[in-house]
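*Asks:* I have a structure here, written as structure tokens, and I will follow up with some questions on it.
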Amino acid sequence: MSCSFLVVDMLLLLGARIQDQLIYPQDSGLSAWIGEQFSFLYNSSRVVIALVVSSFVAVLTEFASNTASTTLLLPVLISLSEAIRVHPLYLMMTGTLSASLAFCLPSATGPNALVFAFKEIRVIDMIRTGIIMNVISIIITVGATSTWMFSMLDLQEYPCWADPNITCPGAP
Numbered sequence: 063m064s065c066s067f068l069v070v071d072m073l074l075l076l077g078a079r080i081q082d083q084l085i086y087p088q089d090s091g092l093s094a095w096i097g098e099q100f101s102f103l104y105n106s107s108r109v110v111i112a113l114v115v116s117s118f119v120a121v122l123t124e125f126a127s128n129t130a131s132t133t134l135l136l137p138v139l140i141s142l143s144e145a146i147r148v149h150p151l152y153l154m155m156t157g158t159l160s161a162s163l164a165f166c167l168p169s170a171t172g173p174n175a176l177v178f179a180f181k182e183i184r185v186i187d188m189i190r191t192g193i194i195m196n197v198i199s200i201i202i203t204v205g206a207t208s209t210w211m212f213s214m215l216d217l218q219e220y221p222c223w224a225d226p227n228i229t230c231p232g233a234p
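As numbered in this note's numbering, residues 63 to 234 make up the sequence shown, in order.
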């Protein structure tokens, strides 16, 4: 049994994704710096904050794997939560859910690469459809995290355990 064709494009995409998984972020201070760049969100509503976080993560996952994006962005979201005084779980859960919104490019997910490998669909067609799917998914994610998750997990106040400058009552 032999393979009648070899899709080099797909092999390159999958090889890049495997390499992407092997890179781990190091504590260089970059997470804190990026988090501080979003400090303009300080007095914004939680819906606006979730919209910015969800959109940023969704765009990033189009170019990097979901796992790598989440691994890289969770420290950034923790720094952002410190800068704007929002519960870190709110930002981290919004970002983690949004990391699954990769619908536009062949490199975004394995299934996208497989569909693209058969040369039946052009990249521009994937982008057109993917943008619509991303916008709908971002709206659903922001709605869910800003309503259900926010109230179920009681994320209204910035917790004392997340502030490095405060000792929580009852802590050793």
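Each residue gets a CB set at the ideal place from its N, CA and C atoms; glycine is no exception.
Counting Cβ pairs closer than 8 angstroms, one from the segment 137-145 and one from the segment 168-186, do we hit at least three?
*Replies:* no
*Asks:* Going straight from the alpha carbon of Asn128 to that of Gln218, what length do you get?
*Replies:* Distance between the alpha carbons of Asn128 and Gln218: 28 angstroms.
*Asks:* Residues in its own chain within less than 8 angstroms of Ala145 by CB, not counting five upstream and five downstream?
*Replies:* Gly97, Glu98, Phe100, Ser101, Tyr104
*Asks:* Here's the rule: buried if 16 or more other CB atoms are within 10 angstroms of the residue's CB, otherwise exposed. What is Gly157?
*Replies:* buried
*Asks:* Buried or exposed: Ser208, going by 16 or more other Cβ atoms within 10 Å of its Cβ?
*Replies:* Counting Cβ neighbours within 10 Å, Ser208 comes out buried, since at least 16 surround it.
*Asks:* Taking buried to mean at least 16 other C-beta atoms within 10 Å of its own C-beta, is Asn227 buried or exposed?
*Replies:* exposed
*Asks:* Ignore the nearest five residues each way along the sequence and tell me which others in Leu136's own chain have a CB closer than 8 angstroms to its CB.
*Replies:* Met154, Gly157, Thr158
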